[in-house]
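Accompanying notes for the structure given below.
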Amino acid sequence: MLGSLTIVVAHHMYSMPPYPYLAIDYGTQLSLFTHHMWISGFLIVGAAAHAAIFMVRDYDPTTRYNDLLDRVAHLTSFTFLTAHLFVSRESFSGMFPSSSPFLRKSEPPGSGTRYYHYRLDN
322 MLGSLTIVVA HHMYSMPPYP YLAIDYGTQL SLFTHHMWIS GFLIVGAAAH
372 AAIFMVRDYD PTTRYNDLLD RVAHLTSFTF LTAHLFVSRE SFSGMFPSSS
422 PFLRKSEPPG SGTRYYHYRL DN
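Residues 322 to 443 in our numbering are what the sequence shown spells out, letter by letter.
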């Protein structure tokens, strides 16, 4: 939360300078913006690390059934991710048929379909 707020502060200090001299001193303005963006990046990475530590160490799915953390944990399950990656692979390989050298067409000749099905080469 604080990292996102720091991004907002960096943007507002850049777009609406609070001091008149800051509006014409571009080096200081750019340095302040970069400083606040670095701070926000560290805060967001720290928050994500603490959330990961909590999920690994303190999260118990037997006591936290059907609450917000349980639903988020189920969204990041292996089945959900693999299904999403499969759909993405199919849609992108249909848009760019020659995007991967490991994929080749496995459409039977004369089938008349305009959809391509790809398989991985062994």
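All C-beta atoms, glycine included, are put in the ideal place defined by N, C-alpha and C.
When DSSP states are grouped into helix, strand and coil, residue 341 belongs to the helix group.
Excluding residues up to 5 positions away in sequence, 364 lie with their Cβ nearer than 6 angstroms to the Cβ of residue 323 in the same chain. By the C-beta density criterion, residue 352 is exposed, having fewer than 16 other C-beta atoms within 10 angstroms. Under the 8 angstroms Cβ criterion, the stretch 355-362 counts as touching the stretch 325-335, having at least three qualifying pairs.
In the assembly as shown, residue 384 is an exposed residue. Its beta-carbon has fewer than 16 other beta-carbons within 10 Å.
Residue 376: member of the alpha helix (DSSP H) spanning 347-378, first to last residue.
For residue 334, the uninterrupted alpha helix (DSSP H) segment begins and ends at 323-336.
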